[in-house]
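Colleague:
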Amino acid sequence: MELRHLKYFVTVAEELNFRRAAERLYMEQPPLSRQIRSLEEELGVELFERSKRGVTLTEAGQAFLDEARLTLAQAERAVKAAKKAVVQSEKLVIGFSICIFNRVLSEIIQAFRQEFSDVTVKLIEMSTESQIKALLNEEIDVAFVHGPVNIAELISINLFSELLVVALPPNHYLAAQKQIELRSLALEPFVLCPKQVKPDLYTQILNLCQQAGFQPRIVQEASPPEVLIGLVESGMGISLVATSAEKRHKTQVIYRPLAEPVPSLEIAVAWRKEKNSLVLNQFLNVVKQSHQIT
């Protein structure tokens, strides 16, 4: 007798109809009937009374139903306990960029820690480029990076996108505008995150400015983001930042959208294609559930 036989029996007992039970079990009715007959022969008792009016449980069937349900429930608890034990014995190393560690990512990690509280979670802040290298070198298990990630050894899922906005010092003359044309920033001093820290964003900003007909006048590079925003607030220059910066940094800096269409910054989760870890899979399930990804 196998657990699947108990599952077949319980389903028929609940439906009291072989056709409906077969549909629930995603199988044909004749094989299900044969399995139940085989179970009855093995037990030496009839579990169901079959008649033209339908199917009912015998006394032996009712007694067996109670025990079968307990056995299936115990088996399910045993499987969960085994998986939980494996997960709890491991740790998860997560790479992230401070620029994209927003409320959404915070909620993902919080949800995972609530469900798997005994897992050791280690967070390492690094640039997208450094995270990719760390994944390839198996120094971290999963990374939250700026996408797209086009590397054969890695798998990635785009989680969400952010638009670039203009960050202006308080009382800047452009702050009166609801939208700002990129070309109007041609003579402005720029404060940017260093290329070695965020090469994708740095390159994107340069390309956007060049498409608008000018080369940005970079007067200062700064990292982490709160330092960059602080320099903008002090009047050092203007910057192009993700929309989430306004929520993350409570300052007097003014944020205005760009008038022209701007490519969005993709935020993705990435991991090694060959990585087969239960704790990683559980974490990715939490990520997918939080973003309704199948």
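The end of the sequence shown is residue 430 by the working numbering, with every number in the run present. No residue lacks a Cβ here, since even glycine has one placed at the ideal position from N, Cα and C. Keep in mind it's a predicted model, so treat the numbers as computed, not measured.
Going by DSSP in three states, TYR391 sits in which element: helix, strand or coil?
Modeller: Looking at TYR391 - three-state DSSP - the assignment turns out to be strand.
Colleague: Between GLN267 and the rest of its own chain, which residues show a CB-CB distance below 6 Å, the 5 nearest in sequence each way excluded?
Modeller: Contacts found: GLY231, ALA279 and VAL281.
Colleague: With DSSP collapsed to three states, give me the class of SER400.
Modeller: Here SER400 sits in coil by DSSP.
Colleague: Since SER297 and GLU362 should fall inside the 8 Å C-beta cutoff, what is the C-beta to C-beta distance between them, to a whole number of angstroms?
Modeller: Contact flag wrong, Cβ pair sits at about 23 Å.
Colleague: For GLU376 versus VAL422, is the C-beta distance shorter than 8 Å?
Modeller: Here residue 376 turns out to be Leu, not Glu, going by the sequence shown. Result no, Cβ atoms of LEU376 and VAL422 do not sit closer than 8 Å.
Colleague: Since LYS424 is in the alpha helix (DSSP H), which residue starts that stretch and which ends it?
Modeller: Note, LYS424: alpha helix (DSSP H), 414-426.
Colleague: Under the three-state reduction of DSSP, which class applies to SER174: helix, strand or coil?
Modeller: Three-state DSSP puts SER174 in a helix.
Colleague: If you draw a straight line from the C-alpha of ALA157 to the C-alpha of ALA288, how long is it?
Modeller: C-alpha separation (whole angstroms): 45 Å.
Colleague: By DSSP, does THR256 sit in helix, in strand, or in coil?
Modeller: DSSP places THR256 in strand when its eight states are reduced to three.
Colleague: Quick one: Cα of ARG353 to Cα of TYR338, how far?
Modeller: Going from the Cα of ARG353 to the Cα of TYR338 covers about 13 Å.
Colleague: Mind checking if GLU178 is an interface residue toward chain D, Cβ cutoff 8 Å exclusive?
Modeller: Protein chains in the displayed structure number just one, and chain D is not present.
Colleague: Using CA coordinates, which residue listed in LEU139, LEU168, PHE154 and GLN332 is at the minimum distance from ALA204?
Modeller: Answer by Cα proximity: LEU139.
Colleague: Return the Cβ separation of GLU226 and SER413 in integer angstroms, given the expectation that the two are a contact with Cβ distance under 8 Å.
Modeller: Right, the Cβ-Cβ distance comes to about 7 Å (below 8 Å), so this counts as a contact.
Colleague: Per DSSP, what are the beta-bridge partners of GLU282 in this structure?
Modeller: Checking the sequence shown, residue 282 turns out to be His, not Glu. Answer is ILE403.
Colleague: Give me the DSSP bridge partner(s) of GLN356.
Modeller: GLN356 pairs with VAL327.
Colleague: Touch check for the stretch 243-250 and the stretch 366-374: three-plus C-beta pairs under 8 Å?
Modeller: No: the two stretches stay apart, fewer than three of their Cβ pairs being nearer than 8 Å.
Colleague: Name the DSSP beta bridge partners of LYS227, please?
Modeller: Looking at the DSSP assignment, LYS227 forms a beta bridge with THR256.
Colleague: Can you tell me which of VAL398, ALA395 and ASN417 puts its alpha carbon nearest to the alpha carbon of VAL405?
Modeller: The option with the nearest alpha carbon to VAL405 is ASN417.
Colleague: Write down the C-beta distance between ALA381 and GLN315 rounded to the nearest angstrom, noting that I regard them as a contact closer than 8 Å.
Modeller: Rounded, the Cβ-Cβ distance is 17 Å, inconsistent with contact.
Colleague: Put GLU261 into one of helix, strand or coil per three-state DSSP.
Modeller: Looking at GLU261 - three-state DSSP - the assignment turns out to be strand.
Colleague: Residue range of the alpha helix (DSSP H) that ILE287 falls in?
Modeller: Where ILE287 is concerned, there is no enclosing alpha helix (DSSP H), given that its DSSP letter is neither H nor E.
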